[in-house]
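Numbering (my numbering), first residue to last: 140 to 824. Note that beta-carbon positions come from the ideal geometry of N, C-alpha and C, so glycine has one too. First up is the structure itself, then whatever we jot down about it.
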Amino acid sequence: MKTDTNKAPGAKKIPEALSIHDHTRIDEYYWLRDREDQEVIDYLNAENTYREEKMAHLKEFEKTLFEEMKGRMKPDDESVPYRHNDYYYKAEYKEGLEHPIYTRWQGTLEKPEQIELLLDVNELAKSFDYFQVSGLSVSPNNKLLAYGEDTVSRRIYTVRFKNLETGELLEDQLPNTTGSVAWANDNQTVFYTVKDDALRPYKIFKHRLGTPASEDEEVYHESDETFLTYVYRSKSEKYIIIGSYQTISNEFRVLSSDEPEGEFRMIQARERKLEYNIAHFGDQFYIHTNWNARNFRLMITDELKTGKENWKEIVPHRDDVLLEGLEIFHDYLVLAERHNGITRLRVMPRDGEEHYIDFGEEVYLAQFGTNREFDTQLLRVSYQSMTTPATVYDYDMEKRTLKLMKQQEVLGGFDPDNYEAERLYAPARDGRKVPISIVYRKGFQKNGTQPLLLYGYGSYGHSMEPYFGSTRLSLLDRGFAFAIAHIRGGEEMGRYWYEEGKLLNKKNTFYDFIDCAEYLIKEKFTDKEHLFAMGGSAGGLLMGAIINLRPDLWKGVVAAVPFVDVITTMLDTSIPLTTGEYDEWGNPNDKQYYDYMLSYSPYDNVKTQDYPAMLVTTGLHDSQVQYWEPAKWVARLREMKTDDNPLLLYTNMSTGHSGASGRFESLKDIAMDYAFLLDLAGRAK
Numbered sequence: 140m141k142t143d144t145n146k147a148p149g150a151k152k153i154p155e156a157l158s159i160h161d162h163t164r165i166d167e168y169y170w171l172r173d174r175e176d177q178e179v180i181d182y183l184n185a186e187n188t189y190r191e192e193k194m195a196h197l198k199e200f201e202k203t204l205f206e207e208m209k210g211r212m213k214p215d216d217e218s219v220p221y222r223h224n225d226y227y228y229k230a231e232y233k234e235g236l237e238h239p240i241y242t243r244w245q246g247t248l249e250k251p252e253q254i255e256l257l258l259d260v261n262e263l264a265k266s267f268d269y270f271q272v273s274g275l276s277v278s279p280n281n282k283l284l285a286y287g288e289d290t291v292s293r294r295i296y297t298v299r300f301k302n303l304e305t306g307e308l309l310e311d312q313l314p315n316t317t318g319s320v321a322w323a324n325d326n327q328t329v330f331y332t333v334k335d336d337a338l339r340p341y342k343i344f345k346h347r348l349g350t351p352a353s354e355d356e357e358v359y360h361e362s363d364e365t366f367l368t369y370v371y372r373s374k375s376e377k378y379i380i381i382g383s384y385q386t387i388s389n390e391f392r393v394l395s396s397d398e399p400e401g402e403f404r405m406i407q408a409r410e411r412k413l414e415y416n417i418a419h420f421g422d423q424f425y426i427h428t429n430w431n432a433r434n435f436r437l438m439i440t441d442e443l444k445t446g447k448e449n450w451k452e453i454v455p456h457r458d459d460v461l462l463e464g465l466e467i468f469h470d471y472l473v474l475a476e477r478h479n480g481i482t483r484l485r486v487m488p489r490d491g492e493e494h495y496i497d498f499g500e501e502v503y504l505a506q507f508g509t510n511r512e513f514d515t516q517l518l519r520v521s522y523q524s525m526t527t528p529a530t531v532y533d534y535d536m537e538k539r540t541l542k543l544m545k546q547q548e549v550l551g552g553f554d555p556d557n558y559e560a561e562r563l564y565a566p567a568r569d570g571r572k573v574p575i576s577i578v579y580r581k582g583f584q585k586n587g588t589q590p591l592l593l594y595g596y597g598s599y600g601h602s603m604e605p606y607f608g609s610t611r612l613s614l615l616d617r618g619f620a621f622a623i624a625h626i627r628g629g630e631e632m633g634r635y636w637y638e639e640g641k642l643l644n645k646k647n648t649f650y651d652f653i654d655c656a657e658y659l660i661k662e663k664f665t666d667k668e669h670l671f672a673m674g675g676s677a678g679g680l681l682m683g684a685i686i687n688l689r690p691d692l693w694k695g696v697v698a699a700v701p702f703v704d705v706i707t708t709m710l711d712t713s714i715p716l717t718t719g720e721y722d723e724w725g726n727p728n729d730k731q732y733y734d735y736m737l738s739y740s741p742y743d744n745v746k747t748q749d750y751p752a753m754l755v756t757t758g759l760h761d762s763q764v765q766y767w768e769p770a771k772w773v774a775r776l777r778e779m780k781t782d783d784n785p786l787l788l789y790t791n792m793s794t795g796h797s798g799a800s801g802r803f804e805s806l807k808d809i810a811m812d813y814a815f816l817l818d819l820a821g822r823a824k
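Next up, the structure:
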């Protein structure tokens, strides 16, 4: 593929002066922000047509990849059932259908009584191009189901209610919500969260079934625009809990589930840089907090004396271990602890010797599954590695045994013994060691000429895990290696790893990724002619930064829903997520942060230089990263780049940040990405 500059769409230029701090930026493509403007839609469609033309020779190969990926998935599948309030619940997929069917039953796991249909999402989705269900929640008396539905892909849900005895939908509808509710014990009252014009969850309302939503009572208003709010029911089911949070601060309020007309009471008032989460058991709250504990510690307090002056430490802070979360049982406490990049599960009996669960692999991903009951010695665990498909275990905490409940069945002759994974550590330019997880098919030759795809994210303290991906096999089986750079901005190595990759340290994220690439080249895994990069959302920002800094390193880049217009977005408080992210990126109304962000913002740093081949993807209805960011970025790149490498923009005109809904539809986008990369690598066959 080579770019035909005569046929490439050219966005018209209408200079817009954006001034602050006695500095003016000229944005020639600011006009692309209006999705109601037909000229904008025409431009996006022209880019889509251009991409189709440039990738026309790959159309059959894309279909091959799609069928290959789809063929690895069981036509019908189901989740491992979990038990809650005398019922077992599961989701299942039937052959040929895109969406799940939710069911439940009483009896035992092995011998169910009559299976009841909760929701067939396929039926609900029939009339929509996009349909997503969220937040399924059954009332305490097991008779009513609440769920949220999104038909636009803006993550704006309408909550509906279903009578599980009659199968009929209630007339009640709660619009503009986050998609979930918290039931009170009267089975008539629910609490839910609504969004403002910038899609910030900002108010909690109380709804009584049978009354209009317009009459619902507002019970909480989060007036600080840097905070978001949500509401949920505690695992103990004793409390309705309202949480408010920003990047570096939390606050919780609780109300007895028996008293929906009562007043919420504070657990601990918000303080700058005080983070905490709560879990209720018996007559106590467990507090997971960073109070005087950079990597977090675990405290406990009486449920009626909840201010931090009453918190008592039960698991201390450790410099080399990040305490990530906990599960509480009647006789056990289980902690998720990240050490040297890997999350270990620590089982602590209330009486007895503690231990860590042994999974038999050095590099893996282990997480808590669905654990809704207290009175059990079984811990539901989700497990996978780069060579082990997604696996569900029930771990007997007394006998210390793992019982396999399910492993993702990968069809098409998959054999994990055909693949090999490694953990590498790349030296960063400031001396830090950056972990890299890499997987390839056995026989991969480390001769410096093999194709390799390097993936990264590096923001929000979100740790990239060494996960399994069946779609990835389409790359590995064609000779690619796949690597994840565990760069700063995540929390893989502890809280400091996050803090060294945010705010005025953000460039460490980009430098780490580049240094990982240089290390992989040095170690003969690949070379510049065979090295590819991929990232999405904040990982798309990463892609934008690395191609400005080191365009020579990459043969090709895929940037999905990329956050690339950093300053303009962070100055616009009408855009979703902006105000709540000042502590992640900085507030550009402060000149110090403005200048620093200006120095790396991909859109503002496009240069007159050669760039690698690029495929940029977005969704018209994206609520997280607005479509105009990648659209503007591509327009400016097309104007300024000096090479003839392909630059392609694909806008899904029906979806948002998460792409297509449905089980198989999303595979089409992956097939497009992989076809682009494999073609550049000369392996599109």
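Between which two residues does the alpha helix (DSSP H) carrying residue i extend?
i	result
Trp693	Unbroken run through Trp693: none, as it is neither H nor E.
Glu657	Lys646 to Lys661
Gln177	Gln177 to Lys193
Val705	Val705 to Met709
Asp722	Tyr721 to Trp724
Leu612	Leu612 to Leu615
Along the chain, where does the beta strand (DSSP E) that runs through residue i open and close?
i	result
Asn389	Ser388 to Ser395
Tyr169	Per DSSP, Tyr169 belongs to no beta strand (DSSP E) and is neither H nor E.
Thr244	Note on residue identity: the sequence assigns Trp, not Thr, to residue 244. First-last of the beta strand (DSSP E) with Trp244: Ile240 to Trp244.
Gln506	Leu504 to Phe507
Pro488	Ile481 to Pro488
Ser805	Element bounds for Ser805: not the beta strand (DSSP E) but the alpha helix (DSSP H), Glu804 to Leu819.
Ala156	Glu155 to Ile159
Lys581	Element bounds for Lys581: n/a, residue is neither H nor E.
Leu592	Leu591 to Tyr594
Met536	No beta strand (DSSP E) holds Met536; DSSP gives it neither H nor E.
Glu466	Leu461 to Ile467
Quick one: is residue i buried, meaning 16 or more other Cβ sit within 10 Å of its Cβ, or exposed?
i	result
Leu443	exposed
Ala156	exposed
Thr188	exposed
Ser266	exposed
Ser278	buried
Lys193	buried
Arg204	The displayed chain sequence assigns Leu, not Arg, to residue 204. Buried: at least 16 other Cβ atoms inside 10 Å.
Asn431	exposed
Measuring CB to CB, does residue i end up less than 7 Å from residue j?
i	j	result
Glu476	Arg485	yes
Lys542	Val531	no
Asn434	Leu474	no
Met811	Glu201	yes
Val454	Arg483	no
Leu236	Leu257	no
Met682	Gly674	yes
Val745	Val773	no
Ser613	Glu199	no
Tyr221	Gln245	no
Val703	Glu768	yes
Leu816	Ala823	no
Leu367	Gly719	yes
Mapping DSSP to helix, strand and coil, what is residue i?
i	result
Ala147	coil
Ser521	strand
Gly675	strand
Thr316	strand
Ser738	coil
Arg477	strand
Arg634	helix
Phe664	coil
His494	strand
Glu201	helix
Thr747	coil
Asp311	strand
Tyr599	coil
Check whether the Cβ of residue i lies closer than 7 Å to any Cβ atom in chain D.
i	result
Leu787	Annotation note: the requested chain D is absent from the structure, which comprises a single protein chain.
For the region 327 to 377, list the beta strand (DSSP E) runs that are entirely contained and at least 3 residues long, ordered along the chain. 328 to 334, 340 to 347, 356 to 360 and 367 to 372
Entirely enclosed beta strand (DSSP E) segments - the region 397 to 435, minimum 3 residues: 404 to 407, 415 to 420 and 423 to 428
Every unbroken alpha helix (DSSP H) inside the region 228 to 294 [4 residues or more]: 260 to 264
List in chain order: all unbroken beta strand (DSSP E) runs of 3+ residues lying wholly within the region 757 to 800. 786 to 791
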